[in-house]
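Shown next, in structure tokens, is the structure this report addresses.
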Amino acid sequence: MKSHFVIFLLFLIFQLSFAQHIEFHGQTLGWSLLNVRSTQNSEIGLRFFPKFSLSQNLNKHLSLQSNLTLDSRFNQSIADPVDFEQNTHLQIYRFWLRLQSQQMEFRIGRQKINFGQARFLRSLMLFDKIDPRDPLQLTPGVDAFLFRYFWLNNANLWLWSVYDEGQTLGLDRFQGQKHQWQFGARFQYPLRFAEMAITYHQKKIVYQSRNKSIERHFALDGFWDVGPGLWFEYVLSKASVPDSLLPFAHYLTLGSDYTFELGNGLHLSVEILSLFFNQHLLTKKQRLTLIGFEMDYPVGLLDQILSLSFYSHQQQTFVHYLNWQRTYDNWLIYLSLFFSNKSLQFFGNNNIPLIDRGLRFMLVFNF
Numbered sequence: 000m001k002s003h004f005v006i007f008l009l010f011l012i013f014q015l016s017f018a019q020h021i022e023f024h025g026q027t028l029g030w031s032l033l034n035v036r037s038t039q040n041s042e043i044g045l046r047f048f049p050k051f052s053l054s055q056n057l058n059k060h061l062s063l064q065s066n067l068t069l070d071s072r073f074n075q076s077i078a079d080p081v082d083f084e085q086n087t088h089l090q091i092y093r094f095w096l097r098l099q100s101q102q103m104e105f106r107i108g109r110q111k112i113n114f115g116q117a118r119f120l121r122s123l124m125l126f127d128k129i130d131p132r133d134p135l136q137l138t139p140g141v142d143a144f145l146f147r148y149f150w151l152n153n154a155n156l157w158l159w160s161v162y163d164e165g166q167t168l169g170l171d172r173f174q175g176q177k178h179q180w181q182f183g184a185r186f187q188y189p190l191r192f193a194e195m196a197i198t199y200h201q202k203k204i205v206y207q208s209r210n211k212s213i214e215r216h217f218a219l220d221g222f223w224d225v226g227p228g229l230w231f232e233y234v235l236s237k238a239s240v241p242d243s244l245l246p247f248a249h250y251l252t253l254g255s256d257y258t259f260e261l262g263n264g265l266h267l268s269v270e271i272l273s274l275f276f277n278q279h280l281l282t283k284k285q286r287l288t289l290i291g292f293e294m295d296y297p298v299g300l301l302d303q304i305l306s307l308s309f310y311s312h313q314q315q316t317f318v319h320y321l322n323w324q325r326t327y328d329n330w331l332i333y334l335s336l337f338f339s340n341k342s343l344q345f346f347g348n349n350n351i352p353l354i355d356r357g358l359r360f361m362l363v364f365n366f
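Taken in order, the sequence shown gives residues 0 to 366; the numbers are from numbering that gives the first Met the number 0.
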């Protein structure tokens with residue numbers, strides 16, 4: 000962390016001499032979570048995201064922006080109180096420098112990278128740990144180079160290289176090789192009533208604790224607006240590992256949504272995620288299917304209700320989540336009820352202990 004601060008301070012001193020716009024804003028949130036079955040998973044917490052932004056127009060076509068966002072967090076289990084320092088964390092949440100024109104963007108640093116059409120059961124979850132039950136969609140960033148180019152017809156090209164910290168993200172089956180670089184590309188093209196995209200991503204992996212290999216992802220996704228929205232994501236993963244570890248994996252998401260003219264507009268979404276793990280490309284060995292339903296309804300100008308339900312037949316797992324939100328100018332209020340018979344392994348954000356049954360109150364202030 001110290002090296003990041005040194006680099007940022009050097010850049011800050013340099014850019015402050017000619018910066019045209021300097022901003023400071025951020026977000027503060029506090030929550031209280033009560034699990035009626037397990038006080039071990041009941042907690043209170045505070046989180047603070049101060050954000051520093053600088054920008055400078057280099058000429059009529061190019062601009063330079065920088066961003067530093069810190070993540071300061073404190074959470075305390077009700078059942079197991081410990082020292083304050085053990086539950087207090089400070090880390091860099093976002094830290095990037097961006098060169099931008101009307102049709103091009105080049106960004107370097109710790110950033111959020113995500114794409115695809117799916118809403119909550121995402122086959123193309125390559126670089127994040129977003130939990131669909133998190134109303135703020137918080138996720139750790141990745142240290143990366145990202146280049147994006149946008150044509151006038153809205154076609155776009157993505158190129159990236161991500162520094163591997165030896166962790167698992169998204170739907171990863173294998174741990175990445177630490178201190179190695181992942182790389183990939185994506186091309187998205189608009190059609191008359193649709194959008195289609197192809198994606199490739201490659202990373203070095205570690206399996207069985209010490210063996211090293213390569214995993215490649217090939218993906219295709221699309222969206223159609225034909226009254227109801229229709230979309231899909233398909234990912235083929237090939238890892239150079241022994242057959243006993245099932246080197247081939249298929250991820251397929253099918254989804255649809257529609258807004259019914261009931262009251263203020265009732266919006267319904269459904270997604271099905273199927274995962275297949277094979278020894279060979281076309282043979283089926285293991286399968287896992289998840290079904291998700293989402294319903295949201297604006298009660299008025301200030302209030303909105305959201306319901307999420309997930310079910311896995313193979314895991315015999317069901318998850319229900321109900322959230323009420325009230326919005327003011329700078330304030331957001333959330334009251335959530337959750338119920339599940341056990342933890343659903345698909346959700347990757349371990350910072351949200353919404354298991355068993357209980358309720359959560361969260362207050363957010365944006366400045």
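For each residue, glycine too, the CB sits at the ideal point set by N, CA and C.
*Rounded to whole angstroms, what's the CA-CA distance from Leu137 to Gly299? Just pull it up for me.*
Answer to the nearest angstrom: the Cα atoms are 26 Å apart.
_Quick check on Gln39: does DSSP put it in helix, strand or coil?_
helix
*Where Tyr220 sits in the DSSP three-state scheme*: The amino acid occupying residue 220 in the given sequence is Asp; Tyr does not appear at that position. The answer is strand: DSSP assigns Asp220 an E or B state.
*Do you know offhand how far Lys211's Cα is from Gly169's?*
Counting only the Cα atoms, Gly169 lies some 20 Å from Lys211.
_Those runs of the alpha helix (DSSP H) which lie wholly inside the stretch 51–99 and span at least 4 residues_ = Those alpha helix (DSSP H) runs which fall completely within the stretch 51–99 and span 4+ residues do not exist here.
*asked:* With distance defined between alpha-carbon atoms, name the residue in Ser273, Asp163, Ile107, Pro131 nearest to Arg286.
replied: Ser273
*Enumerated in chain order, which unbroken segments of the beta strand (DSSP E) with a length of 3 residues or greater are wholly contained in the stretch 287–325?*
302–311
*Using DSSP with H/G/I as helix, E/B as strand and the rest coil, what is Leu244?*
Helix.
*Is the distance from the Cβ of Phe367 to the Cβ of Thr68 below 7 Å?*
Past the edges of the chain, shown from 0 to 366, lies residue 367, and the structure says nothing about it.
_Cross-strand partners of Leu135 (DSSP beta bridge)_ = Partner(s): none; Leu135 has no beta bridge.
_Same chain, Cβ closer than 8 Å to Asp79, neighbours up to 5 away in sequence not counted_ = Gln39
*Rank Tyr327, Phe94, Phe144, Met124 by C-alpha distance to the C-alpha of Thr167 and give the top, closest one.*
Put simply, of Tyr327, Phe94, Phe144, Met124 the residue whose alpha carbon is nearest the alpha carbon of Thr167 is Met124.
*Identify the residues that DSSP records as bridge partners of Leu103: which are they?*
Here residue 103 turns out to be Met, not Leu, going by the sequence shown. Its beta-bridge partners are Tyr148.
*asked:* What does DSSP give as the partner residue(s) for His24 in the beta ladder?
replied: Bridge partners of His24: Lys50.
*So what does Val269 bridge to, in DSSP terms?*
For Val269, the pairing in a beta bridge is given by DSSP as Ser255, Phe292.
*By DSSP, does Ala117 sit in helix, in strand, or in coil?*
coil
*With a 10 Å radius around its C-beta and 16 neighbouring C-beta atoms as the bar for buried, classify Glu260 as buried or exposed.*
exposed
_Looking only at its chain, what residues have a beta carbon closer than 8 Å to the beta carbon of His20, apart from the 5 residues adjacent to it on each side?_
Ser52, Leu53, Ser54, Gln55
*Just how far apart, CA to CA, sit Gly357 and Glu42?*
Those two C-alpha atoms are separated by around 11 Å.
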